[in-house]
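For reference, the structure is listed below as structure tokens.
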Amino acid sequence: MSEDKSRKQATLGYVPDSQLTIGRFFGGNGNAQQSPKKQTTLAFGAKRQRASSGADPESAAEPSGVKSENDDTPDANGTESSKNLKRENADEVEESDESDVQPVPKRRRKAAKSSSPTPQKTPSPKKSPPKKSPAKAKVQSPSPPPAVKSESEDVSDEAKNQDGEEEDADMVSEAEEDVKPAVKKTMEKVQATLKASGKDPYPDWKAGDPVPYAAMCTTFSLIEMTSKRLVIMAHCSLFLQQVLRLTPKDLLPTVQLMINKLAADYAGIELGIGESLIMKAIGETTGRSLGVIKTDQHEIGDLGLVAAKSRGNQPTMFKPKPLTVRGVHEGLLGIAQVQGHGSQDKKISGIKKLLSAADSATAGKGSKGIDITKDKGGPSEAKFIVRFLEGKLRLGLAEKTVLVALAQAIVSHEAALEDKPTPSPERMAEAEAVLKSVYSQLPSYEEIIPAMLEHGIFNLPDVCRLSPGIPLKPMLANPTKSITEVLDRFEGKEFTCEYKYDGERAQIHFVAPDSIRKYPAATATLQKDKKGLSAIFSRNSENLSKKYPDVLAKLDGWIKEGVDSFVLDCETVAWDTVNKKVLPFQQLMTRKRKDVKEEDIKVKVCVFAFDLLFFNGEPVVKKSLRERRQLLHECFQPVEGEFQFAQFGNTNVLDEIQTMLEDSVKASCEGLMVKMLDTDQSGYEPSKRSRNWLKVKKDYLAGVGDSLDLVVLGAYYGRGKRTSVYGAFLLAAYSPNNDTYETICNIGTGFSEAVLEEMHKALTPLIIDRPKPFYAHSSVPKDQPDVWFEPRLVWEVKTADLTLSPRYKAAADEFEGTTGGGKGVSLRFPRYIKSRDDKNPDQATTTRAVAEMYRKQEAVAKEAAGKRGVDDDFEY
DNA sequence: CCTGTCTGCCC
DNA sequence: ATTCTGC
DNA sequence: GCAGAATGGGCAGACAGG
1 MSEDKSRKQA
11 TLGYVPDSQL
21 TIGRFFGGNG
31 NAQQSPKKQT
41 TLAFGAKRQR
51 ASSGADPESA
61 AEPSGVKSEN
71 DDTPDANGTE
81 SSKNLKRENA
91 DEVEESDESD
101 VQPVPKRRRK
111 AAKSSSPTPQ
121 KTPSPKKSPP
131 KKSPAKAKVQ
141 SPSPPPAVKS
151 ESEDVSDEAK
161 NQDGEEEDAD
171 MVSEAEEDVK
181 PAVKKTMEKV
191 QATLKASGKD
201 PYPDWKAGDP
211 VPYAAMCTTF
221 SLIEMTSKRL
231 VIMAHCSLFL
241 QQVLRLTPKD
251 LLPTVQLMIN
261 KLAADYAGIE
271 LGIGESLIMK
281 AIGETTGRSL
291 GVIKTDQHEI
301 GDLGLVAAKS
311 RGNQPTMFKP
321 KPLTVRGVHE
331 GLLGIAQVQG
341 HGSQDKKISG
351 IKKLLSAADS
361 ATAGKGSKGI
371 DITKDKGGPS
381 EAKFIVRFLE
391 GKLRLGLAEK
401 TVLVALAQAI
411 VSHEAALEDK
421 PTPSPERMAE
431 AEAVLKSVYS
441 QLPSYEEIIP
451 AMLEHGIFNL
461 PDVCRLSPGI
471 PLKPMLANPT
481 KSITEVLDRF
491 EGKEFTCEYK
501 YDGERAQIHF
511 VAPDSIRKYP
521 AATATLQKDK
531 KGLSAIFSRN
541 SENLSKKYPD
551 VLAKLDGWIK
561 EGVDSFVLDC
571 ETVAWDTVNK
581 KVLPFQQLMT
591 RKRKDVKEED
601 IKVKVCVFAF
611 DLLFFNGEPV
621 VKKSLRERRQ
631 LLHECFQPVE
641 GEFQFAQFGN
651 TNVLDEIQTM
661 LEDSVKASCE
671 GLMVKMLDTD
681 QSGYEPSKRS
691 RNWLKVKKDY
701 LAGVGDSLDL
711 VVLGAYYGRG
721 KRTSVYGAFL
731 LAAYSPNNDT
741 YETICNIGTG
751 FSEAVLEEMH
761 KALTPLIIDR
771 PKPFYAHSSV
781 PKDQPDVWFE
791 PRLVWEVKTA
801 DLTLSPRYKA
811 AADEFEGTTG
821 GGKGVSLRFP
831 RYIKSRDDKN
841 PDQATTTRAV
851 AEMYRKQEAV
861 AKEAAGKRGV
871 DDDFEY
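So, in structure tokens, the structure goes:
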């Protein structure tokens, strides 16, 4: 085993020898035979051996439990090289798409899969219809033709039954591109069958009348009951068709409520309602104490259900008017708009109003609320109002699906208007493509829906187009587990690597003064000054212009002669003007966000541009990345500390990518973005594939990056699909000096459902009344876990970064009196890797080691500053 | 006016 | 942000 | 591979309440 020092180095950060480590990921790179590997492999597989012969390795090399890249966990190590070798012919998953080595095993896997679920599935549909119908009966009690009800209910299942096998086969192979038509056929079938019942799940309201909110909730309930996406889509689309047929003017609020939004993101409308206020409102509406509500929430894991359950306890003096979609939307908007003194009470009374009017058909009839164990609570209006407020409808239906359903609904509706038959699958697909494309260029239903109603869906592209003033959806990237995966995915294609800067995504829009009249839409959203119109939008289309007045003021300095308008895709990064270097993300976040005056900006920012989406009156999103980048470099000029081009290199040589990844990290970046340069997939079209780019970060690579072994001290009750198990856990590092456990982070991702169950079982016996006196943890009430445990379980956890935390205590004493001011260390993006059953809690990562890791990270950042300029314009 | 809590939004 | 899961 | 739903740290801003 290598000695202590080298290990720690490797662990602690982004140090030179980590290159070696990365090398391992390519397999057979020469360092696979590094000694530490074998040792640890041994250590894991056979504890005894380690105890006797390997006592040293464990205690000396891993006194603190810190993982180094060398001291990698055995499985990763031991199988490392073989894994890589195997990759070409084994089932290494996903990365095979473009290679033709794989199809055979892949198919086989699928075939095997499809054969087993089929028999299981068959019985289930028979069971489900009777389960569903009672819920329906409740809501539809006014005028329900029961026969129709169950019929429409059954159809989806019937469809499954009749040709279950056929369909299953289709579904299973859905992923294969070449089977897409079959999927469409299936979808058609589902929808057609649903439709064939002749009735919508909710009976028609009077044409022109406002859409009843109950109608939407009925659809929601149907959607919630299935996980089949085609069925979800069909329900959604059918309901939208009904709205189109009866009350098209309510389509906009209907869609908005479906996607859990009150308005387009860039409009900046916030509800200002969170869990606390919702609980207060539910308590007041139902006459139950806050404590009871909280207990319920813990048990039920869904405030919507809590509201539904306690609904109807209060006798209503008179029957309120039934809620309408429009009414709910307006009510919520009202809640969003109140502000200032006493606004919280007003918000609560707004919620109370909605909740008291909810479920007027069923409430107040002496029923004690609904049975929430049935059908996930059924179509309760209260439930969905509350879920809207929480910002999570949890239907298995969200923006993307609604968009597609909307396209289908419109095409069908348009066809029906002209007495044409149901549109062909091809036409459906065409409509979807059109709507997706339009939406990604102009993500605003306020704009799209009226235009669509007026001009028809196929004319949308002429009416709703990308233009400065309205943010478009940004391209996103997929994480990549190794550089070989990158090579596999982009095999045979030219691609480029860019530094991934650790800042805030910024889409910068600009129109020069002389051209303002050409962009009428822009005047509404862009900030106007003597230098023209401009705005900055965030990754989620929020308007950040108020946060970056300094950037907008200087933007004319970046452009060359003749630039009239543009939309740039960039990253803003905090900038150290003295040392001329990039500062960490945490620094950037301390910037003021509102009413920022240029004079008193404390955190300066440098903009790193990496794409050009609109230029001089023309969208350039369909051009290849190579062309866009060339245009970008031709027409803009870097300004030190203000505006730079993202560092990049075009290479497909593994070693060079590896080197570049190392360099990016040394330059305080997060890693690399990898993008195709020329193919049709190199266009900037999120509608086609929103995650068309790849990102490579050190901590994605198995066995590379910082990982720690931490002790589980507490847990939080899970919600939604994690109800009845713990949803998150409180972790700590160990301080041998005073024998304390100092909290370092919560963790809630990385667990499979099985592991969550297992942990729940393992931890429940360890529950204790109160935290041990030797637990160092925040005393803020909101920071307390729901349950505390004996210190026993040790988990390996991976992290991207270490941060100084106002909440966690790990190594806090080490930072007393420093800049940190007594703050502890915490983890950025913590995720569970695996259980370390082989470790006792006092063998967990020590707080000293944590402090060391943090310092090392800082040191690397500083070192980068020194080197800057030398390899600044290094050619790759 | 100060402090703690809640919310929304960055990652 | 990261990760898991059903389709 | 997509889409959705679980979950993380941590900041500024808005309010409530003393």
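For the first sequence, the UniProt record's numbering begins at 1 and goes up steadily by one. Just so you know, even glycine gets a beta-carbon here, dropped at the ideal spot from N, CA and C.
Taken in chain order, the whole alpha helix (DSSP H) runs of length 4 or more contained in the segment 314-341 are 325-337.
Nearest to Gly617 by alpha-carbon distance, out of Glu662, Arg517, Ala506, is Arg517. Look at the beta carbons and you see the segment 236-249 not touching the segment 374-389: under three pairs across the two are nearer than 8 Å.
When the alpha-carbon of Ile536 is set against those of Asp529, Ala524, Pro549, the nearest one is in Pro549. For Asp709, no alpha helix (DSSP H) encloses it; the enclosing beta strand (DSSP E) starts and ends at 707-717. Cys236 is a Cβ neighbour of Thr401, given a cutoff of 9 Å. Comparing alpha carbon positions, the residue from Pro781, Asp564, Gly750, Leu802 closest to Glu796 is Gly750. When secondary structure is reduced to three states using DSSP, Met676 falls in the strand class. Gly287 has no beta-bridge partner at all, per DSSP. Residue pairing by DSSP puts Ala732 in a beta bridge opposite Val711, Thr743. Within the segment 182-263, the runs of alpha helix (DSSP H) at least 4 residues long that lie entirely inside it are, in chain order, 213-224, 229-246, 251-258.
With a 10 Å radius around the Cβ and a threshold of 16 neighbouring Cβ atoms, Arg387 comes out buried. Of Thr803, Gln337, Leu713, the smallest CA-CA separation from Pro771 is found for Leu713. In the DSSP annotation of this structure, the continuous segment of the alpha helix (DSSP H) that includes Thr523 starts and ends at 522-525.
The shortest C-alpha to C-alpha distance from Asp209 to any of Thr845, Val704, Arg245 is the one to Arg245.
The Cβ atoms of Val711 and Leu793 lie closer than 9 Å to each other. Excluding five sequence positions before and after Leu333, the CB atoms of its chain that fall closer than 7 Å to its own CB belong to Leu262, given in chain order. Taking a cut-off of 8 Å for Cβ pairs, the segment 390-401 and the segment 320-328 do not touch, as fewer than three such pairs fall below it. Under the DSSP assignment, Glu796 falls in the beta strand (DSSP E) whose first and last residues are 794-798. Between Tyr808 and Ser778, the CB-CB gap stays under 9 Å.
In terms of Cβ geometry, Asp611 and Cys669 do not form a close pair [threshold 9 Å]. In its chain, beyond the 5 residues on either side, Leu303, Glu390 have a beta carbon closer than 8 Å to the beta carbon of Glu275. Glu742 is a Cβ neighbour of Ala812, given a cutoff of 9 Å.
Taken in chain order, the complete beta strand (DSSP E) segments of 3 or more residues contained in the segment 482-528 are 495-500, 504-511.
Here Val725 is near Leu756, since their CB atoms are less than 9 Å apart. With respect to the 9 Å criterion, Tyr854 and Ala667 are not classified as neighbours on the basis of their beta carbons.
According to the DSSP secondary-structure assignment, Val605 is paired through a beta bridge with Ala574. Per DSSP, the unbroken beta strand (DSSP E) holding Gly824 starts and ends at 824-828.
The C-alpha of Gln339 lies about 43 Å from the C-alpha of Ile767.
Spanning the alpha carbons of Phe615 and Glu685 requires a straight line of approximately 16 Å. DSSP places Ala844 outside any alpha helix (DSSP H), giving it a letter other than H or E.
When the alpha-carbon of Leu230 is set against those of Ala405, Pro201, Val780, the nearest one is in Ala405. The beta-bridge partner set that DSSP reports for Thr803 consists of Ser826.
In this structure, Gln647 sits near Ser664, with a CB-CB distance shorter than 9 Å. Per DSSP, the unbroken alpha helix (DSSP H) holding Tyr439 starts and ends at 425-441. Setting aside the 5 residues that flank it on each side, Ile269 is surrounded in the same chain by Leu262, Ala263, Ala336, each with a C-beta closer than 7 Å to its C-beta; the list follows chain order.
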